[in-house]
Amino acid sequence: MMLEWIATDKGNQVLESLKAEGWQVKTQYSPFAFDKGIDYDSYELVRSGDTLKLEWDNWLEWRLSGSESLLKGLKHRFSL
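Per full-length UniProt numbering, the very first residue in the sequence shown carries number 1; after that it's consecutive.
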């Protein structure tokens, strides 16, 4: 399942909140890439067997993909 067209500020809030709650960054777009956060960014977070992929670009903003139950919970919690 995927949630799309999430505003940049809202997606940033979701990302920072989840990291603060113990979600671990498994992979991310290289911090050394010249366009990180300007044209593109991505993260894969994991916790307790759950995986959440977050992808951002300057056209479509944030897209989140993961299990249906995880995304439904995030949608409700963060009003996505």
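Even glycine gets a Cβ: it sits at the ideal position worked out from N, Cα and C.
If you draw a straight line from the C-alpha of aspartate 9 to the C-alpha of lysine 26, how long is it?
If you number the sequence shown from 1, residue 9 lands on position 9. If you number the sequence shown from 1, residue 26 lands on position 26. Approximately 22 Å between the Cα atoms of the pair.
Anyone know if the C-beta pair for leucine 52 and leucine 60 falls short of 8 Å?
Indexing the sequence shown from 1 puts residue 52 at position 52. Indexing the sequence shown from 1 puts residue 60 at position 60. Not in contact: leucine 52 and leucine 60 (Cβ atoms no closer than 8 Å).
Are the CB atoms of valine 14 and leucine 74 within a distance shorter than 8 Å?
Position 74 of the sequence shown, counting from 1, holds the residue named residue 74. Position 14 of the sequence shown, counting from 1, holds the residue named residue 14. A contact, by the Cβ cut-off of 8 Å.
Report back the beta-carbon spacing between tryptophan 62 and leucine 45 to the nearest angstrom; my notes put them in contact at under 8 Å.
Counted from its first residue, the sequence shown places residue 62 at position 62. Counted from its first residue, the sequence shown places residue 45 at position 45. That pair is no contact at about 13 Å.
Is leucine 55 near serine 42, with beta carbons less than 8 Å apart?
The residue you call residue 55 lines up with position 55 of the sequence shown. The residue you call residue 42 lines up with position 42 of the sequence shown. Correcting the residue identity first, residue 55 is glutamate in this sequence and not leucine. Against a cut-off of 8 Å, the Cβ pair of serine 42 and glutamate 55 comes out as a contact.
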